[in-house]
Amino acid sequence: MNIKILLFLQLCYLVTFSYGKGLHAAFKGAGKSGGLEIWRIESFEPVPWKKSDYGTFFEGDSYIILSTKEEKDGDKVTYSWDIHFWLGKDTTQDEFGSAAILSVDLDDTLGGKAVQHREVQDYESEQFLSYFSAGVRYLPGGVKSGFKHVQINAPGETRLYQVKGQKTARVRLVELSVKSLNNGDCFILDAGNNIYVYVGTQAKTNKRIKAIKAANQIRDQDHHGRAKVMVIDSSSSNNEIRDFFKALGSGSPSEVANGSGDDEEFDKKQNEIVVLYKVTSSNGKIISEKISDKPL
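Those letters in the sequence shown? Residues -20 to -1, 1 to 276, per mature numbering (1 follows the signal peptide of the UniProt record, and there is no 0), in order.
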């Protein structure tokens, strides 16, 4: 077995006994009303994530997401819950081990009635993605990672994002260069006071709509709603197009590559790699047994 997987399983086995003895204070009052609640794992502890930053995830972190559904029948109110623990591609073993165990702890606060889900960056379930109408945004770094941590609202920094995904937008940082652009996708250029949505000449309408929603979210999260969102497309004036490439640093429409990967194919690939394991413990030993590949 891969040593990293073994270490993770051992961590889960050991942490079970430390967390399973009581309910965590951070979860007090959780799931008492409909909506979404998110915590980030910091030094083995769940720390509430700012509601204004919902939908933005650091690649070096792990998060717990609680979705509460509320149903009313006269004076009677019933709740149902889904708990997702999300793992960034660069998250540490102690963080994703803690996220898994703390998800069980959160379930305990809800009487053991929640449905639990494991989410991995780039391979999230449709249910998870549906919580974020403006899409999800991945940023490099994390609370404990050795990677450069990107501030959500860092002033004076120009950033270029690519928008992918047919159903739900996935927004990720790309190199600040005309070489990153193509005519089949949409891109968001955050230049501070101005946020440009670059719509490729071959981009579909639904992708344009998703990109604008994502840009509005970046405006609200990173600039407190003060930046101006401008769409750059085939109907834009020469001056507007010139201003976009000036903010980008260089380039022109003729330098933008044609085509892009199909979004339907992109979404399909995100859901290809799924493996189900059965994990049991006996006499202090962890046993991992592969049950099935997707489809399960």
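Glycine included, every Cβ here is placed at the ideal spot set by N, Cα and C.
With a beta-carbon spacing of about 16 Å, Val116 and Arg139 fall beyond the 8 Å limit used to define contacts. According to the DSSP assignment, Phe65 belongs to the beta strand (DSSP E) that extends over Lys56 to Leu67. Residue environment: Asp87 is assigned as buried (16 or more neighbouring CB atoms within 10 Å of its CB, all protein chains considered).
Burial of Glu99 is indicated by the presence of at least 16 other C-beta atoms within 10 angstroms of its C-beta. Cys166 and Lys147 have their C-alpha atoms some 14 Å from each other. Rounded to the nearest angstrom, the gap between the Cα atoms of Ala237 and Met210 is 22 Å.
With contact defined as three or more Cβ pairs closer than 8 Å, the stretch 34 to 41 and the stretch 51 to 62 are not in contact. Contact between Pro28 and His4 is absent: CB atoms are separated by about 12 Å, not below the 8 Å threshold. When the beta-carbon positions are compared, Asn174 and Ala227 come within less than 9 Å of each other.
The C-beta distance from Arg152 to Tyr118 rounds to 5 Å, short enough to fall under 8 Å. Burial is judged here by how many other beta carbons sit within 10 angstroms of a residue's own beta carbon; Gln107 has fewer than 16 and is exposed. In the assembly as shown, Val177 is a buried residue. Its beta-carbon has 16 or more other beta-carbons within 10 Å. For the set Tyr141, Gly145, Ala171 and Phe65, the Cα lying nearest the Cα of Lys159 is the one of Tyr141. Contact between Ile198 and Asp170 holds: their C-beta atoms lie close to 6 Å from each other, under 8 Å. For Gln182, the number of other beta carbons within 10 angstroms of its own is below 16, and it is reported as exposed. Beta-bridge partners of Ala237 (DSSP): Asn162. Assigned with DSSP and collapsed to three states, Gly77 falls in helix. Contact annotation: Gly229 and Ser157 have beta-carbon atoms nearer than 9 Å. Cβ atoms of Glu50 and Ser105 stay farther apart than 8 Å, at about 21 Å. For Ser42, the number of other beta carbons within 10 angstroms of its own is at least 16, and it is reported as buried. Comparing alpha-carbon positions, the option among Arg206, Asp213, Asp202 and Asp200 lying closest to Lys184 turns out to be Asp213.
In its chain, beyond the 5 residues on either side, Ile44, Ile63, Phe65 and Gln96 have a beta carbon closer than 7 Å to the beta carbon of Ser83. Spatial neighbours of Phe7 in its own chain (CB-CB distance under 6 Å, excluding positions within 5 residues in sequence) are listed in chain order as Leu86 and Thr89.
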